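Here the protein sequences line up with chains A and B, keeping their order.
When we follow the working numbering, the leftmost residue of the first sequence carries the number 294, and every step to the right adds one.
When we follow the working numbering, the leftmost residue of the second sequence carries the number -16, and every step to the right adds one.
Worksheet for the structure shown next.
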Amino acid sequence: MSNAPGSPTPHSTVGMAVELTAITKRFGAFTANDGIDLAVRRGEIHAIIGENGAGKTTLMNILFGLLQPDEGSIRLNGETTVVADPAVAIKAGLGMVHQHFKLVPSLSVADNVFLGMEIRRHGLIDHAAQVARTHELSKRFGLHVDPTERVGLLSVGIEQRIEILKVLVRGARTIILDEPTAVLTPQESRELFQTLRSFVAEGMTVIFISHHLEEVMEVSDTVTVLRNGRKVATRPTSELSKDELVRMMVGREVSFDRRPRAALNGDVVLDVRDLWARDDRRLPAVRGASFTVRAGEVVGIAGVAGNGQTELAEVLSGLRPASHGEAWLKGRDLTTLGPAAIREAGFAHVPGDRMVRGVDRNASIAANTLMGRQHRAPWSRSGVLDWKAIAANAGTLIKSFDIRAQGSGDPVKRLSGGNIQKVVLAREFTNGADFLLIDQPTRGVDIGAQEAIHSEIMRQRAAGRAILLISVQLDELAALADRILVMFNGRIMGEVPGDNADEDRIGMMMAGVLPEPAAEPV
Amino acid sequence: MEILDKLINIALVAATLRTTAPILLVALGGSFTTKAGIFNIGLEGQMLAGAFFAVLGSIWTGSALAGVACGVAAALAFALAFAVLVVTFRANEVVVGLALNILAGGMTISLMKAIFGTRGSIVGHGIVGLPKVQIPGAQALLGSWAPLISGFTPIVYVAFIAVPLLVLFYNRTRLGLYIRVVGEKPEAAEALGISITRVRYTASLLCGLLAGLAGAHLSLGYITMFTENMSSGRGFMAVAILIFSNGDPLKVLAGCLLFGFADAFSLRLQTFGFPSYLVLTVPYVVALAALFALSYRARPKIIRETLASMQKLLSTDRTSAPADKNPQ
């Protein structure tokens, strides 16, 4: 695909800091980057935005020489360059601030900044010179740090400044930041943006990866949107509205048909009232969520990733404490219970990250179908596991959920993503729970398996289960959900009926431009 | 009081310095590997091999210095084997360290049998011990205090001079800095293009160098002989010191002085007719006492942390923590 309309002069190399042409990168059968073109002008802040898994980080790792592209070419400052490793990129004036900092806690700030390129005098490291130089750089760009302090005592926000200083000391003129605000408080983010502007003021270039709309709108000059490994468009930020940006990010082509359903009017199974929770940075991530889920109903939660959906799922399943509010499931308040008690209360959970929380990848399919109910008949008798019964049960599940495996003794890690997800569904859906929390059921799953998983969810609905479906794919929600709640910045912005999902309206709510008071709990 | 005077005097202090030297050297050697993030319990074996081959080299060449060189070479060979297995082949450090210790013990015994036809010890055969360095003017300057700085073998001086040198090495040299970085945050080293493998090999070989010197000091220093299992647990004491000092040269020195003093004190007690088996336990009793004292000090902290984490648990039970109800 060529440059999208509105992208800056496609073939001129004048004034371009970075040009990527038709970059393709595959990991096995998965294509992370599919023919991506990217042109970054010198002296601009260029944001690269897209959902998790859209291919942003892969693309930047290729640019920085951490990965090699399968196809495509790279031009740095107008010269075609094979970026064989990061040393080449650094020499060409590129610097990258990674998502995960690599600092040494027992060393001082200045020592960390100069690590690998120490200033030496008579063969010994000249600490004073390093401190002076760090101080000078930090003052020039408003990166306030005390160069003599030990890194282990500092906050994450300051650690990021040190990483930026590291890049500057190495002479970078083009700075790549991978999700820099993910670990920052709003105050720290604002300070970071000021620093980025001071870079541009000095003629430097900034490439900025994010999935947060607001900060992209606030700080960038140009936006490139990636989706599912492809470039959607490159546009000047000033010509874009948040709403347009959301639509480009999540896409609007519908690949699923709406599933037919019988109207069911069951009792309220889950009743969430004014629920609040904090994220790992201790910032409010879920802010006053209230909603109900009835038996035989699929309630969808839509939203750009990182707007509190993960935290909401974690609070409901007992993995994260609520800071306020209640979540009633059949007469019990889930916020007072631990994960095991919540499951006992009739709660099944298909976690968003199946490899971390869904399965033990080294254990067999049989063992994975057992987890969480190992103490119950028929899986165990008088405290002893009955492996015959477990294997027989797993065999039945493999058949009924169409899990493509050689046998129930197969380790889960040998299965494809879709089949691993089916193992999780098979366990969770046969638990007899009244309420199912299903988080990103088809992430990284091929189309065939997606259809099968959707059918299974509809079967559970028909069986009278109450289902909360969290997904970043709008078409998935439109196919399955009876009602769609839209989350933005921790709040539920509004509700849209599933059978007549107005995507413009959802998109505006996802972008936070259509604030609506959250529905009062019934 | 009279006995105490005889027990504790300048001679005891001088003896302490002498007995500290081998533990200090081997512990400083271990400091390199500890700082580089390798748990090296193979110190004992490197030291023993150093002691044996130092004697062998001294007999063959008739020179104490060549003997020391032989001992160091043998310890380096052990250190290299350790590095190849642990760094290159990623074998378990404890298993490899133990295996090399056992190898050193068995090898010295069988070589002793093969070369000298004896078991137990090598005495005589023309072993040349290290000379004692008399510092000129020490006697005139310090009088009866002179034995504190003069009259030691060269390796004793090397051991104590190594302490400030190592402090400088870790703080002011590039290699020292890289060793610390590799041990503390290997990902940072990798990201900056510092070769973890190369740094760990270097640290391991530096360790072998000092462990070999320590071994040579045992067999060529004050007694010129080799006996089976001559290192008698000094390498393990060094490991204990390293665990508590985290390889910090000054803390290593403090720990080694404690053990060296216990060693010297026990030797002193022997001359007063205490049962030798009892006396020989003194250094180990001191080691246990030191470990106990250190862990005793850590204990209240453990209790504090347990209490804190329990409180945290209780506060997530929301009924008991109205303070956390405030969402903002």
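In this text, a Cβ means the ideal position worked out from N, Cα and C, and glycines have one as well.
Values in this document were obtained by computation on a predicted structure and should not be read as measured data.
- Under the three-state reduction of DSSP output, A/G365 falls in the strand class.
- If you draw a straight line from the Cα of A/K318 to the Cα of A/A382, it comes to about 18 Å.
- For the alpha helix (DSSP H) assignment, the uninterrupted runs of no fewer than 4 residues enclosed by the region 338 to 363 of chain A are, from N- to C-terminal side, 349 to 356.
- Boundaries of the beta strand (DSSP E) harbouring A/F323: 323 to 334, taken from the DSSP string.
- Taking all protein chains in view, the Cβ of A/D646 is surrounded by fewer than 16 other Cβ atoms within 10 Å, so the residue is classified as exposed.
- Judged by DSSP secondary structure, A/E788 falls within the beta strand (DSSP E) whose first and last residues are 784 to 790.
- Listed by position along chain A, the residues whose Cβ is nearer than 8 Å to that of B/L160 are L400, D404, L408, E411, I418.
- A/V460 is positioned such that its CB atom lies closer than 8 Å to that of A/G388.
- Assigned with DSSP and collapsed to three states, A/E495 falls in coil, not helix or strand.
- For the C-beta of B/V164, the chain A residues within less than 7 Å are, from N- to C-terminus, V397, L408.
- Taken through DSSP and simplified to helix, strand or coil, B/K115 comes out as coil.
- Nearest to A/N782 by C-alpha distance, out of A/G308, A/A570, A/E372, is A/A570.
- For A/A682, no CB of chain B lies under 8 Å from its own CB, so it is not counted at the interface with that chain.
- In the three-state DSSP reduction, A/H617 falls in the strand class (E or B).
- Here B/Y184 is buried: its Cβ has 16 or more other Cβ atoms, across all protein chains shown, within 10 Å.
- Annotated three-state conformation of A/E472 is coil, per DSSP.
- Bridge pairing for A/I418: A/R413 [DSSP].
- In this structure, the alpha-carbon of B/Y153 lies about 18 Å from that of B/F22.
- Counting along the chain, A/W569 sits inside the beta strand (DSSP E) bounded by residues 561 to 571.
- A direct Cα-Cα distance of roughly 14 Å separates A/R752 from A/I731.
- Taking 8 Å as the cut-off, the Cβ atoms of A/R551 and A/D792 count as close.
- Relative to the Cα of A/G450, the nearest Cα in the group A/R413, A/T498, A/L396, A/I469 belongs to A/L396.
- Within the same chain, and ignoring the five residues on either side of A/H428 in sequence, the residues whose Cβ sits closer than 6 Å to its Cβ are P440.
- Ranking B/L11, B/A237, B/A19 by CA distance to the CA of B/I179 puts B/A19 first.
- Residues of chain B whose Cβ lies closer than 9 Å to the Cβ of A/A380 are, in chain order, G176.
- Sequence-distant Cβ neighbours of A/T530 in its own chain, meaning closer than 8 Å and more than five residues away, are A340, V509, M510, S513, D514, T515, V516.
- Taking C-alpha positions only, A/G700 is separated from A/G741 by approximately 21 Å.
- If you look at A/E372, you'll find it isn't in any alpha helix (DSSP H); it sits in the beta strand (DSSP E) that goes 372 to 374.
- Leaving aside the five residues that flank A/G737 on each side, the residues in its chain whose CB is nearer than 6 Å to its CB run, in chain order, G710.
- With a 10 Å radius around the Cβ and a threshold of 16 neighbouring Cβ atoms, A/K715 comes out buried.
- Collapsing the DSSP output to three states places A/H642 in a strand.
- Per the Cβ contact rule, the region 345 to 356 of chain A is in contact with the region 466 to 474 of chain A (3 or more Cβ pairs under 8 Å).
- In this chain, A/R551 is not harboured by any alpha helix (DSSP H), its DSSP state being neither H nor E.
- For B/E27, no CB of chain A lies under 8 Å from its own CB, so it is not counted at the interface with that chain.
- With respect to the C-alpha of B/L11, the residue from B/L158, B/S93, B/V150 having the closest C-alpha is B/V150.
- Contact residues of the region 171 to 197 of chain B toward chain A are A171, A174, L175, G176, I177 (C-beta to C-beta distance below 7 Å).
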